[in-house]
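Each remark here refers to the structure printed beneath this line.
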Amino acid sequence: MKAAPEAQKRLLDLAELDSVIDRLAHRRRTLPELAEIDERSKLFAKIATQVIEAETEAGDLAREQAKAESDVDAVRTRADRDQKRLDSGAVTSPRDLSSLQSEIASLHKRQGDLEEIVLEIMERREAADTKVTDLIRQRDELAAALSTAEARRDEGLQEIDKEASEVQGRRAGVSGEIPADLLALYEKLKAQYGVGAAMLRGGRCQGCKVALSIAEMNRIKAAPHDEVLRCEECRRILVRTAESGL
Ligand SMILES: [Zn+2]
172 MKAAPEAQKR LLDLAELDSV IDRLAHRRRT LPELAEIDER SKLFAKIATQ VIEAETEAGD
232 LAREQAKAES DVDAVRTRAD RDQKRLDSGA VTSPRDLSSL QSEIASLHKR QGDLEEIVLE
292 IMERREAADT KVTDLIRQRD ELAAALSTAE ARRDEGLQEI DKEASEVQGR RAGVSGEIPA
352 DLLALYEKLK AQYGVGAAML RGGRCQGCKV ALSIAEMNRI KAAPHDEVLR CEECRRILVR
412 TAESGL
């Protein structure tokens with residue numbers, strides 16, 4: 172392939188811009204906020220689940236407490252009714268009296284036991300409510316941190332995209348100055364090797380860093396200026412400049 176030396180040199184400018192574009196794409200993929208958001212999102216989902224579990228537990232305890240309190244009320248009502256019967260004097264048989272008194276005593280005992288249960292449930296419920304409050308606070312703090320990180324990510328991406336579009340604009344200008352066949356070869360090699368063209372500097376290919384043999388240098392010295400050369404080692408387009416050591 173033939174191409175004017177100036178067009179070949181423009182390939183180096185193009186390669187430089189492409190490396191900037193690649194670096195920007197890499198920065199875009201590895202923005203620290205992305206990992207942070209990923210980690211915080213996972214934690215947020217975990218804590219949101221814990222909030223639901225804790226709320227369910229607190230709700231269950233609230234119902235359990237209401238049930239136990241209504242049990243206490245039922246026993247108390249029954250004890251009060253028995254007490255009234257006893258106080259009314261309507262029950263006269265010693266056997267019935269004794270049975271009534273023993274029932275009242277057993278109801279009081281039962282009421283005491285149930286009240287103990289209510290207290291125990293109230294304590295567990297208090298702990299469960301505290302846990303809910305605590306988890307909700309953690310969840311809300313995480314949500315706030317997450318949206319801050321998302322804002323920072325968006326800002327970072329915007330900055331990168333702005334820079335990338337500016338570089339893309341310059342790249343379009345440079346590639347417009349390169350003949351189509353040379354550009355096509357460059358693009359093909361770029362797709363294949365990551366970098367399509369490299370400078371020959373001081374007898375060394377800047378693409379693969381390999382020093383060219385004397386025979387290879389002699390071959391290049393003898394080659395016409397408009398000959399498009401390739402590095403024998405890495406197959407990239409080898410561009411000659413004043414620094415090539417020829
Ligand atoms: Zn090379």
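Residue numbers for the sequence shown follow the working numbering, beginning at 172 and rising by one. Think of the CB as a built atom: it goes at the ideal place given N, C-alpha and C, for glycine as much as any other residue.
For residue i, three-class secondary structure by DSSP
i, result
"M172", "coil"
"E398", "strand"
"R372", "strand"
"I218", "helix"
"R407", "coil"
"A229", "helix"
"A355", "helix"
"A382", "strand"
"E177", "helix"
"Q363", "helix"
"T412", "coil"
"V191", "helix"
"V243", "helix"
"T201", "coil"
"Q377", "coil"
"A261", "coil"
"L183", "helix"
"I349", "coil"
Nearest-angstrom Cα separation, counted from residue j out to residue i
i, j, result
"A216", "E207", "14 Å"
"D433", "I192", "The requested residue 433 is not part of the displayed model; the chain covers only 172 to 417."
"Q236", "V289", "6 Å"
"G367", "C379", "11 Å"
"E403", "V338", "31 Å"
"G373", "A394", "17 Å"
"G327", "T319", "12 Å"
"L417", "G344", "30 Å"
"E358", "M172", "15 Å"
"P265", "R281", "24 Å"
"D284", "A239", "10 Å"
"L271", "S277", "10 Å"
"L268", "S241", "28 Å"
"E228", "I307", "14 Å"
"L205", "S336", "21 Å"
"Q221", "D209", "19 Å"
"P176", "E334", "30 Å"
Within 8 Å, strictly: CB atoms of residue i and residue j
i, j, result
"R341", "L182", "no"
"L195", "I331", "yes"
"A178", "I349", "yes"
"E286", "V243", "yes"
"V399", "A174", "yes"
"L371", "L317", "no"
"D253", "I223", "no"
Enclosing alpha helix (DSSP H) for residue i [first to last residue]
i, result
"I307", "265 to 346"
"I391", "385 to 393"
Requested in this report: Flag this pair as touching only if the region 227 to 247 and the region 279 to 296 have three or more C-beta atom pairs under 8 Å; answer yes or no.
Outcome: Note that the region 227 to 247 touches the region 279 to 296; at least 3 beta-carbon pairs, one per stretch, sit closer than 8 Å.
**Report entry** Sufficient close CB pairs (3 or more, under 8 Å) joining the region 248 to 266 to the region 346 to 355
**Finding:** Too few Cβ pairs lie closer than 8 Å, so no.
Query - Inter-stretch contact at 8 Å, needing at least 3 Cβ pairs: the region 238 to 248 / the region 355 to 373 - result: Per the Cβ contact rule, the region 238 to 248 is not in contact with the region 355 to 373 (fewer than 3 Cβ pairs under 8 Å).
Requested in this report: May I ask you to verify whether the region 302 to 322 touches the region 210 to 226, counting CB pairs closer than 8 Å and requiring at least 3?
Outcome: Cβ pair count under 8 Å is three or more, so yes.
**Report entry** Check your reading: residues with Cβ closer than 7 Å to ligand 2 heavy atoms
**Finding:** Here the bound small molecules are ligand 1; ligand 2 is not part of this structure.
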